[in-house]
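Residue numbers (the numbering used here): 19 to 744.
Just so it is clear, CB atoms sit at the ideal spot from N, CA and C, and this is done for glycine as well.
See below for the structure under consideration.
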Ligand code: AMP
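Laid out in structure tokens, this is it:
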């Protein structure tokens, strides 16, 4: 949940009306490569300036009366030589730009993405929803292998988080009454900044236009000076930090127009992303499709706390659909209008954010991108998590613990750890009440994508719902011994106040009761010295005179048996579709087939996420092999291993290629009636195993109890005939 909201209701201070829901693309880096790109830009600019000066000199020479031909020829030769040098410098710069991940890398990224997406769509991992009616942007169906992958990811999520931490899982409705989302701030502030084509009215996300412009310029404009390039990189790095005004100013400065028509654009303005509806036939109860699952947990806090034996810390979790009416959905599964979220709300005492299991993750080392490095235009750096917490880079142990657990979750799923980083939110990007926020970003062909947000949201959400509902969402710490504490006691005399203020009495009483200790003690001193005092009542919009008889203020010593407080919440929020798409890209590769011009597609899913764990192929079409295949299928079913039998007459190589393409890790080929071969997808190694053992061996590797190399030591290798592989 990421958006800026009202500060506390008491202070009434506002944070900028700026929302922060953006894909964060690769930001500027000052690596040695970037440095050499800068010096090459400088060198090219200098060469170009010399070419221009020489061209000018040639023109002047030609115009000069009495200039002799040899002199002109020499100057022209010199100009030609300078142009050659400038051309070489331009080529060098182009090569550096490409090396640094720009133009040609962008082309190969695009080609790679096409290959992945074509395979995913052809094999029905996902399908544009309502395709026969030409689809709707930002809505996708998962097909059979996609559903299986998603279900495996969610099963592992439950195991890794819910089971491991004894979380309380809930399942709340998607349709949510307005009052809930008003309290949470979504009705007023869940917005993205939008610009409109002033003639056609087409809408665009303002930050997307700016991002596209900067990236294009950096990739294609070799005439950019080093300073201009540095500025564009800085804009990319700070994109999430811009206010509406700053974004608007940049769009104007760069002369950015509507991409399709080149018409001028409006100033950026906020667009609320929630789908509105009404509940029931009367239309008088407004509601929204929930934009996140978290609110369902917050409103149930009281019951969940009780269910947990009135003890902190504890976490609740929810998996479910979330709905956001994205302005310009793009990038396939990465930005859609309905998606699955898996969210955890970990409730903790704000005075003690230590975590008993932090030690389990403290030694993990991975790429982190703290605020300081981002603002200095530097790159993400490997940091040991324990050090990040002890040095205060990460605010507290519990937040650090979840960062570590998210790292383990993603890498165990098959996300490449070299292309995973944890990026800290920039100051403006973070809601004012939040203590610290980090996004797990995964690099794919679209750049660095925020896939999991991990935020310490302090007590904001529970306070907001307490205030709106009137139900205190608080926790209690029982003291072993009663503690003596000094307590401010304000007792307004309703009778006296009623006589003086009549109908306004209630407002004055409330204002008196709401005074903090400092204000109350100042009033007490004034009442004692002067007998009366002027007091501003904000709900009346004016000051009233309070006399000694109207209020009694004292500091009393009291024995307290417990402390009552609003817990802080630490929220890891997982975009399941984004994680799955990045996993698709990180798992995809091609290998040559027998016919050299053709490439075979493979998804190297770990068995944990593979949509099907095993395929069973009779080598040739005979009844006896078909029977063995059926016996094996039965034993795989009994062992709980998902599988398919492929008895099509096509060559075994073609059948291997077909299952590799949906990432099935193991294939059993029936080539005799007492033993069979098991082939592993990536190594293509085969072992021979007796029919009775097949199911247990496949289960052992598919469940991750043993690795393939453990297994290969135990069974004889089978050398496949050449023709067995495509
Ligand atoms: P947020 O509440 O905006 O921090 O979003 C939580 C997570 O939901 C993000 O980390 C993303 O992984 C995911 N997410 C947000 N918006 C979308 C979207 N439009 N499509 C797919 N996933 C999204």
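### Contact under 8 angstroms by Cβ, residue 400 with residue 385
Residue 385 is positioned such that its CB atom lies closer than 8 angstroms to that of residue 400.
### Query
Is residue 728 buried or exposed, if buried means 16 or more other CB atoms sit within 10 Å of its CB?
Flag for residue 728 reads exposed.
#### Entry: Length of the line joining the Cα atoms of residue 123 and residue 434
Residue 123 and residue 434 have their C-alpha atoms roughly 19 angstroms apart.
### Query
In whole angstroms, what is the alpha-carbon distance linking residue 376 and residue 382?
Those two C-alpha atoms are separated by around 11 angstroms.
### Query
So residue 493 packs on residue 475, CB below 8 angstroms; how close in whole Å?
By a beta-carbon distance limit of 8 angstroms, residue 493 does not contact residue 475. Their separation comes to about 16 angstroms.
### Query
What runs of the alpha helix (DSSP H), each 4 residues or longer, lie entirely inside the segment 615-699?
Runs of the alpha helix (DSSP H) inside the segment 615-699: 641-657, 670-678.
### Query
According to DSSP, is residue 349 helix, strand or coil?
DSSP places residue 349 outside both helix and strand once states are collapsed to three, so it counts as coil.
### Query
Just the Cα atoms here: how many angstroms apart are residue 16 and residue 86?
Residue 16 lies beyond the residue range present for the chain, which begins at 19 and ends at 744; the question has no answer from this structure.
#### Entry: Which of helix, strand or coil DSSP assigns to residue 43
Unreliable placement is indicated for residue 43, whose pLDDT of 32 sits below 50; the coordinate value is still reported in the next sentence. Residue 43: coil per DSSP, three-state reduction.
### Query
Fully enclosed by the segment 487-542, which alpha helix (DSSP H) runs are 4 residues long or longer?
The DSSP assignment places complete alpha helix (DSSP H) segments of no fewer than 4 residues inside the segment 487-542 at 512-519, 523-531, in order along the chain.
### Task
Answer yes or no: do residue 681 and residue 629 have a C-beta to C-beta separation smaller than 8 angstroms?
The beta carbons of residue 681 and residue 629 sit closer together than 8 angstroms.
### Task
Please confirm whether residue 288 and residue 416 have their CB atoms less than 8 angstroms apart.
Their beta carbons are not under 8 angstroms apart, which means residue 288 does not touch residue 416 by this criterion.
#### Entry: Cα-Cα separation, residue 241 to residue 685
Approximately 55 angstroms, taken between the alpha carbons.
### Task
With hydrogens ignored, establish whether the beta-carbon of residue 167 is closer than 7 angstroms to any heavy atom of the ligand AMP.
Flag unset: Cβ of residue 167 not near the ligand AMP.
#### Entry: Residues of its chain near residue 69, where Cβ-Cβ distance is below 6 angstroms and the 5 sequence neighbours each way are ignored
Take residue 69, set aside five residues on each side of it, and the residues of its chain with a beta-carbon closer than 6 angstroms to its own are 100, 101, 104, in chain order.
### Query
The alpha helix (DSSP H) with residue 552 in it runs from where to where?
Counted as a single uninterrupted DSSP element, the stretch harbouring residue 552 is not any alpha helix (DSSP H) but the beta strand (DSSP E) occupying residues 550-555.
### Query
Just to confirm, are residue 719 and residue 654 a CB contact at a threshold of 8 angstroms?
No. Outside cutoff.
### Query
Which residues in the same chain have their Cβ closer than 6 angstroms to the Cβ of residue 531, if we skip the five residues on either side of it in sequence?
Excluding five sequence positions before and after residue 531, the CB atoms of its chain that fall closer than 6 angstroms to its own CB belong to 508, given in chain order.
### Task
With a threshold of 7 angstroms, establish whether the CB of residue 182 neighbours any heavy atom of the ligand AMP.
Incorrect: residue 182 has no Cβ contact closer than 7 angstroms to the ligand AMP.
### Task
Spatial neighbours of residue 145 within its chain, please: CB distance less than 6 angstroms, with the 5 preceding and 5 following residues excluded, ordered by chain position.
So the list reads 159, 161, once near-sequence residues are dropped.
### Query
Can you tell me whether DSSP reads residue 471 as helix, strand or coil?
It is a strand residue.
### Task
Could you pull out every residue in the same chain whose Cβ sits closer than 6 angstroms to the Cβ of residue 429, ignoring the five residues on either side in sequence?
Residues 435 of the same chain have their beta carbon placed closer than 6 angstroms to that of residue 429, with the five preceding and five following residues left out of the count.
### Message
In this structure, how does DSSP classify residue 290 when only helix, strand and coil are distinguished?
### Response
Per DSSP, reduced to three states, the secondary structure at residue 290 is strand.
### Query
Does the count of Cβ pairs from the segment 180-200 and the segment 302-320 closer than 8 angstroms reach three?
Three or more beta-carbon pairs drawn from the segment 180-200 and the segment 302-320 are found closer than 8 angstroms, and the two stretches are therefore classed as touching.
### Task
Compute the Euclidean distance between the alpha carbons of residue 714 and residue 735, then round it to the nearest angstrom.
Rounded to the nearest angstrom, the two C-alpha atoms are 18 angstroms apart.
### Query
Hey, how far is the Cα of residue 327 from the Cα of residue 723?
The C-alpha of residue 723 is placed about 36 angstroms away from the C-alpha of residue 327.
### Message
Given the structure, does residue 465 come close to the ligand AMP, in the sense that its CB is under 7 angstroms from one of the ligand's heavy atoms?
### Response
Checking the 7 angstroms criterion, the Cβ of residue 465 is out of range of every heavy atom belonging to the ligand AMP.
### Of the residues 423, 279, 668, 440, the one placed nearest residue 391, counting alpha carbons only
Sorting 423, 279, 668, 440 by C-alpha distance to the C-alpha of residue 391 places 440 at the top.
### Query
Would you say residue 2 touches the ligand AMP, meaning its beta carbon is less than 7 angstroms from a heavy atom?
The shown model of the chain, from 19 to 744, leaves out residue 2, and the question about it has no answer.
### Query
On the three-pair Cβ rule with 8 angstroms, is the segment 447-464 touching the segment 561-579?
No, they do not touch.
### Query
Buried or exposed: which applies to residue 559, given that a residue is buried once 16 or more other Cβ atoms fall within 10 Å of its Cβ?
By the 10 Å Cβ count, residue 559 comes out exposed.
### Query
For residue 184, which residues of its own chain have a beta-carbon under 6 angstroms away from its beta-carbon, when the five flanking residues on both sides are left out?
If we look at residue 184 and ignore the five residues flanking it on each side, it has no Cβ neighbours.
#### Entry: Unbroken alpha helix (DSSP H) run spanning residue 596, endpoints
Unbroken alpha helix (DSSP H) run through residue 596: 594-605.
### Task
For residue 577, name the three-state secondary structure that DSSP assigns.
Of the three classes helix, strand and coil, the one that applies to residue 577 here is strand, per DSSP.
### Message
For residue 41 and residue 438, what's the separation of their Cα atoms in angstroms?
### Response
Reliability of the predicted coordinates at residue 41 is poor, the pLDDT of 32 falling under 50, and no value is obtained from them.
### Task
Find the nearest neighbour of residue 491 within the set 477, 135, 458, judged by alpha-carbon distance.
For residue 491, the nearest C-alpha among the options comes from 477.
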